[in-house]
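Visitor:
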Amino acid sequence: MAGTVPKHPRTVVLLEGASDVAAVRTLAAAREVNLERVRLVDLGGVTNIRRGLRQARADWADAEMLGLCDAAEVRFIERALVEIGLPVRDPSDLPAYGFFVCHADLEEELLRALGPVRTIAVIERLGLGAKLGALQRQLAWQDRPLAEQLHRFCGVASGRKELLGGALAEALDLDAVPEPLALLLDRLADA
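Per this note's numbering, the sequence shown starts with residue 18, numbered consecutively.
Here's what the structure looks like:
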């Protein structure tokens, strides 16, 4: 799918933001998952899931709908799926409908899988080490654990967040892909 958007996708993946799209696209390429008939949709925030799901179903009624969400935001996904007639009772039902839940968020999943040393190496490789250092010197962040500092750094500034989403995903060993992403990619490979 590199750069093209299928007019008649077989599968539509609803994702919270551009960083999620970048990570999924990067890992799909690494795992040789063909995205030719897959549409990756940036919702611009999970609270847009209801509108995004309705629009996707209107535009591509025959396409399978999949997605990722953060644990703290499952209620938005549950509500949207119930509204389209799926009998979702609780978060444990979501994978059966193709929606996979990140522990905290996608960035946290990627950071945990890579560990701090490899994450910092990616940040340095991208020329962002000085910006990370600036965050670490801020009074509000200087005494926080490194994992929290990295999560904050990787989760703010939308352009940087998207850049890091793809770069952190690219740095993963294929056998260390976080479970929610691995499950989504498995579904895409089977589509």
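Backbone N, C-alpha and C fix where the C-beta goes; we use that ideal spot for every residue, glycine too.
Between the alpha carbons of GLN72 and GLN155, how many angstroms are there, rounded?
Guide: Distance between the alpha carbons of GLN72 and GLN155 is about 42 Å.
Visitor: Applying the 10 Å Cβ sphere with the 16-neighbour rule, what's the burial state of HIS168?
Guide: Label assigned to HIS168: buried.
Visitor: Going by DSSP in three states, VAL173 sits in which element: helix, strand or coil?
Guide: Three-state result, VAL173: coil.
Visitor: Measuring only the C-alpha atoms, how far is PRO133 from PRO162?
Guide: The alpha-carbon atoms of PRO133 and PRO162 are separated by roughly 11 Å.
Visitor: Does LEU70 pass the burial test, meaning 16 or more other C-beta atoms within 10 Å, or should it be called exposed?
Guide: LEU70 is buried by the Cβ-count criterion.
Visitor: Note the first and the last residue of the continuous alpha helix (DSSP H) segment covering LEU57.
Guide: Element bounds for LEU57: not the alpha helix (DSSP H) but the beta strand (DSSP E), 55-59.
Visitor: Quick check: what's the CA-CA separation for LEU149 versus ILE140?
Guide: Each residue's alpha carbon lies about 8 Å from the other.
Visitor: Taking the beta carbon of ALA19 as the centre, do at least 16 other beta carbons fall within 10 Å, making it buried, or is it exposed?
Guide: Bear in mind that the predicted position of ALA19 carries a pLDDT of just 42, short of 50, making it too unreliable to give a figure here.
Visitor: Would you check if the stretch 27-42 and the stretch 122-137 touch, i.e. whether three or more CB-CB distances between them fall below 8 Å?
Guide: Touching, yes.
Visitor: Tell me whether ARG68 is buried or exposed, calling it buried when 16 or more other Cβ atoms sit within 10 Å of its Cβ.
Guide: Exposed, by the Cβ-count rule.
Visitor: At which residues does the beta strand (DSSP E) containing GLY62 begin and terminate?
Guide: Here GLY62 belongs to no beta strand (DSSP E), and DSSP marks it neither H nor E.
Visitor: I'd like to confirm the pairing. Which residues does DSSP put opposite PHE93 in its beta bridges?
Guide: According to DSSP, PHE93 bridges with nothing at all.
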